[in-house]
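Engineer: I have a structure I would like to understand better, so I am pasting it below and will then ask my questions one at a time.
Numbering (this note's numbering), first residue to last: 168 to 413.
Below you can see the structure in the form of structure tokens.
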């Protein structure tokens, strides 16, 4: 008669070992993913600190060549002497706020104490006609002897200033009628705007000047490819610090 042999079942134990193995593998994978994510974030942070550090970018000085046209200009009156401006678009033809902002811009451009940053943000192509920045230079210019250089060339420029009026906030725009009700008409003056609830806010002064333009003989029409520099000084509130963008 054959003997009966009874052995304990290991099914539950094997299933438990499989569960422990899967849990261990998942934990190992999660640890590796966390380490890779941490390393990736550290690399991005390092790149951001180095590439977007204003102190480093200003120290390298790639943006300082944009200051060339105004390096020897210390006041609004100097600009009137060195450049030819249209009668209605000259530094002395803007408002007092505009003159003040031009003075602040010139002080920032010639600053050597490190109080202002000069940053190079790369170059960009302007393909949209509505973004053409050179169209404002299409004007009539007087020719002054002080603006003519030794090689019979002249620097041209235009200046425009203004103040943006604001009304309402996000809630009144979404839930109220501040966008559609009693909107100011183009050309409204300060009193009319304030009567409608508008308040003055950002101010700006826009200076655009050219590199030397050769003067043609009288009566002769010629074409030249001329570069332009733009100095856009703005403040984001009526009492804020003025910022100059080139």
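Yeah, the Cβ is synthetic: ideal placement off N, Cα and C, and Gly gets one too.
Measure from the alpha carbon of residue 385 to the alpha carbon of each residue in 310, 344, 305, 244, then state which is nearest.
Structural biologist: Here residue 385 is taken as the residue at index 218 of the chain shown, counted from 1. Selected option, being the one with the closest Cα: 310.
Engineer: From the DSSP output, which residues share a beta bridge with residue 327?
Structural biologist: In the chain shown, the residue the question calls residue 327 occupies position 160. The partner list for residue 327 (beta bridge, DSSP) reads 373.
Engineer: Given that a residue counts as buried once 16 or more other Cβ atoms are within 10 Å of its Cβ, and exposed if not, what is residue 464?
Structural biologist: Residue numbering for the chain in the displayed model covers 168 to 413; residue 464 lies beyond these limits and cannot be assessed.
Engineer: Based on the DSSP secondary-structure assignment, which residues constitute the bridge partners of residue 333?
Structural biologist: As a position in the chain shown, residue 333 is number 166, starting the count at 1. 366, per the DSSP bridge assignment.
Engineer: Nearest to residue 282 by alpha carbon, out of 362, 225, 234?
Structural biologist: By 1-based counting over the chain shown, the position of residue 282 is 115. Nearest C-alpha to residue 282: 225.
Engineer: Provide the residue(s) that pair with residue 210 in DSSP beta bridges, ordered along the chain.
Structural biologist: The count along the chain shown starts at 1 and reaches residue 210 at position 43. The partner list for residue 210 (beta bridge, DSSP) is empty, contrary to what the question assumes.
Engineer: So is residue 285 buried or exposed if we call it buried at 16+ other beta carbons inside 10 Å?
Structural biologist: Looking up residue 285 in the chain shown gives position 118. Looking at its Cβ environment, which holds 16 or more other Cβ atoms inside 10 Å, residue 285 is buried.
Engineer: What residue does the alpha helix (DSSP H) around residue 263 start on, and which one ends it?
Structural biologist: The count along the chain shown starts at 1 and reaches residue 263 at position 96. That run of the alpha helix (DSSP H) goes 263-276.
Engineer: Whose C-beta lies closer than 8 Å to the C-beta of residue 173 among residues of the same chain, with five residues either side of it excluded?
Structural biologist: In the chain shown, the residue the question calls residue 173 occupies position 6. Low confidence applies to residue 173: its pLDDT is 48, below 50, so where it sits in the model is not reliable, and the reading given next is rough at best. The answer is none, since no qualifying residue turns up.
Engineer: What is the DSSP secondary structure of residue 396, counted as helix, strand or coil?
Structural biologist: Here residue 396 refers to the residue found at position 229 of the chain shown. Three-state result, residue 396: strand.
Engineer: Are residue 247 and residue 256 close, meaning C-beta to C-beta below 9 Å?
Structural biologist: Numbered from its first residue, the chain shown carries residue 247 at position 80. Numbered from its first residue, the chain shown carries residue 256 at position 89. Cβ distance not < 9 Å, so residue 247 and residue 256 don't count as in contact.
Engineer: Using the three-state DSSP reduction, which class does residue 234 fall into: helix, strand or coil?
Structural biologist: What you label residue 234 is simply residue 67 of the chain shown in a count that begins at 1. Three-state DSSP puts residue 234 in a helix.
Engineer: Using 10 angstroms around the beta-carbon of residue 288, count the other beta-carbons present and answer buried if the total reaches 16, otherwise exposed.
Structural biologist: As a working mapping, residue 288 is identified with position 121 in the chain shown. Residue 288 is exposed by the Cβ-count criterion.
Engineer: Is residue 346 near the ligand PLP, judged by its Cβ being under 8 Å from some heavy atom?
Structural biologist: The ligand PLP is absent from the structure shown, which contains no ligand whatsoever.
Engineer: Would you please state the rounded distance, in angstroms, between the beta carbons of residue 325 and residue 375? I believe it to be under 8 Å.
Structural biologist: Residue numbering aside, residue 325 sits at position 158 when the chain shown is read from its first letter. Residue numbering aside, residue 375 sits at position 208 when the chain shown is read from its first letter. Confirmed, Cβ separation roughly 5 Å.
Engineer: Which term fits residue 419, buried or exposed, when burial requires 16 or more other beta carbons within 10 angstroms of its beta carbon?
Structural biologist: Within the shown structure, residues of the chain are numbered from 168 to 413, placing residue 419 beyond reach of any answer.
Engineer: From residue 302 to residue 339, what does the alpha carbon distance come to, in whole angstroms?
Structural biologist: Translated into the one-based positions of the chain shown, residue 302 becomes position 135. Translated into the one-based positions of the chain shown, residue 339 becomes position 172. Rounded to whole angstroms, residue 302 to residue 339 spans 36 Å at the Cα level.
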